[in-house]
Each structure stands twice: as structure tokens, then as C-alpha cells.
Amino acid sequence: MIIADTGWRIAVETALSHLTFPETRDVLTYWAKLRDAAGSDLPDRTDIDPIEIRHTLPHVYLMELEPETGRLLYRLAGDEINSRYKQSINGKYLDEITAPTAIERVQGYFKRCMHDPAIIQIAGILYAEHDAPGFGERLILPLRVSRRGTLGILGMTYQVRQFPNATAAEEGYRQLRRTISLETGAMEITDTTPSRS
């Protein structure tokens with residue numbers, strides 16, 4: 001997948017300007033370094049050296065698109081990600097661990113990240129479909145998985161707060177999604193605050 005040299009650089013700078021936490025900024029900066037080394041393509045999953053981002057690993061996950069089924073598989077998820085599901089999600093499909101009411105929305109932005117390709121940022125309410133949502137930011141970055149001839153994701157969810165129940169999250173907190181094209185650097189902002197009704 002060939003990506004215009006200037007578009008992805010603009011996308012990274014735009015995304016960096018909207019990230020709040022150093023940890024998410026570090027993951028994006030690392031991905032940009034891999035993207036730069038990849039030439040005119042997306043970074044490959046095998047290019048990732050966990051040592052380079054070790055301080056972020058509890059919040060990081062790797063996913064892979066299964067070409068045969070179109071399903072998204074978690075290849076690896078850090079301890080903080082697993083703790084939100086009260087189990088390891090390594091080897092589980094996105095549609096197995098996501099509420100039926102949320103799967104279309106969630107799967108949509110993961111797939112858009114890979115296929116457009118784009119940087120996806122979600123800020124505000126996290127895990128909105130859970131009984132005790134969180135607050136923070138999520139970063140979703142596209143990868144190649146060349147050994148399987150498919151696409152993947154390097155993702156990070158950095159949660160700084162967990163609400164005691166769904167009602168607390170609805171007291172004025174929002175969820176904003178930024179989709180930043182790697183082709184052009186253009187940004188689309190969507191209020192994706194889910195309704196709990």
C-alpha cells in the first residue's frame with residue numbers, strides 16, 4: 001500500500017497535537033519512526049521492537065485482520081487492556097468481546113484505520129459499552145502483516161479514570177473520534193458519544 005510521503009507526516013503532526021498523554025504520544029512517535037523506515041508503505045508488525053516502547057506495553061495491543069473472514073483477532077494485549085475484560089483477550093476476536101450493541105461502531109473504526117488508511121484517536125469516554133466505562137484516550141494505527149498478506153493494528157488505550165457505573169460517564173463526558181487520513185492529512189472529527197438507552 002503506497003502512501004503519499006507528505007500526507008502521513010501531516011497526519012502524525014496533527015495527531016500529536018491532539019494527544020494528551022505522553023504514553024500515547026510515545027507510541028505514535030514510535031509508529032512514525034517505523035513508517036519513515038518503511039518507505040512508501042505501512043510499517044510491518046515484525047518491525048515492532050517492544051523494548052522501544054516498553055513503558056507503554058501494559059496499554060498496547062496488536063490486532064490482525066483475517067482475510068478469509070474479515071474478523072479482527074487480538075494477537076497480543078497488555079495487562080491494562082486485559083484487566084478491562086477481566087480475562088486475557090489474546091487470541092480472541094473483537095466480536096467475541098465487544099457488546100453486540102457496539103460491535104458495528106467499534107469494528108467500523110478499526111477497519112477504517114486499516115483500509116483508508118488513517119490514524120484514529122478517541123478521546124473521552126472509553127469502554128462505553130461496559131458497566132463501568134473509563135476516561136482517557138485511544139490511539140489506533142495501521143500495520144501490514146506481511147507474513148500473512150493481511151493488515152493489522154498497533155493500538156493503545158490509555159485510561160486515567162474508571163467510572164463506578166455507566167451513569168457517571170453520562171454526566172457531561174463525551175467521546176470524540178478523530179480520523180486523520182494518511183493520504184492527505186485531513187482530519188474528520190465525530191462526536192461518537194454512545195447512547196446507553
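Mapping the sequence shown onto the UniProt record's numbering, position 36 (from 1) lands on 36, and the numbers just tick up by one. All C-beta atoms in this analysis are idealised placements derived from N, C-alpha and C, irrespective of residue type, glycine included.
Limits of the alpha helix (DSSP H) - the one that residue i falls within
i	result
F135	From DSSP, F135 is part of no alpha helix (DSSP H) but of the beta strand (DSSP E) over G134 to V145.
E23	P22 to A37
Residue i at chain D interface by Cβ criterion, 9 Å
i	result
H55	Looking at the structure shown, chain D is missing, and only one protein chain is on hand.
Own chain, CB closer than 7 Å to residue i, minus 5 neighbours either side, in chain order
i	result
S181	G7, A11, D116 and A118
L57	P50 and G78
A99	E129
R9	none
Y30	E52 and I53
Unbroken beta strand (DSSP E) run spanning residue i, endpoints
i	result
E171	Segment: none, E171 is in no beta strand (DSSP E) and carries neither H nor E.
Y158	T150 to Q162
G124	A118 to L126
T190	M187 to D191
Residue j beta carbon less than 9 Å from that of residue i
i	j	result
G136	F21	yes
I153	M187	no
L28	L141	yes
D95	I89	no
G185	T14	yes
T192	I97	no
T167	T179	no
D26	I48	no
K92	L73	yes
Q107	A132	no
Chain-order list of residues whose beta-carbon lies under 6 Å from that of residue i (same chain, five-residue window excluded)
i	result
R75	L62 and E64
Q159	L126, G134 and G136
E23	T56 and Y158
D44	R144 and S146
I120	Y109, C113, I140 and T179
S17	none
S60	Here residue 60 turns out to be Val, not Ser, going by the sequence shown. Result list for V60: G78 and M156, in chain order.
A32	V12
L151	L65 and M114
R71	Y93
L34	P43 and D47
Own chain partners of residue i with C-beta closer than 8 Å, once the 5 adjacent residues on each side are dropped
i	result
G149	P67
residue 199	Any property of residue 199 remains undetermined from this structure, which presents the chain solely from 1 to 197.
residue 231	What is shown of the chain runs 1 to 197, which leaves residue 231 out entirely.
E171	none
L19	R25, L28, Q121, E137 and L139
P164	A132
The ligand NAD heavy atom lying under 8 Å from the CB of residue i
i	result
V60	This structure does not include the ligand NAD; it has no bound ligands of any sort.
* Inter-stretch contact (C-beta, 8 Å, three-pair minimum) for the stretch 79-90 and the stretch 137-152 -> no
* Complete runs of the alpha helix (DSSP H) confined to the stretch 42-116 [at least 4 residues] -> 79-85, 94-97 and 103-115
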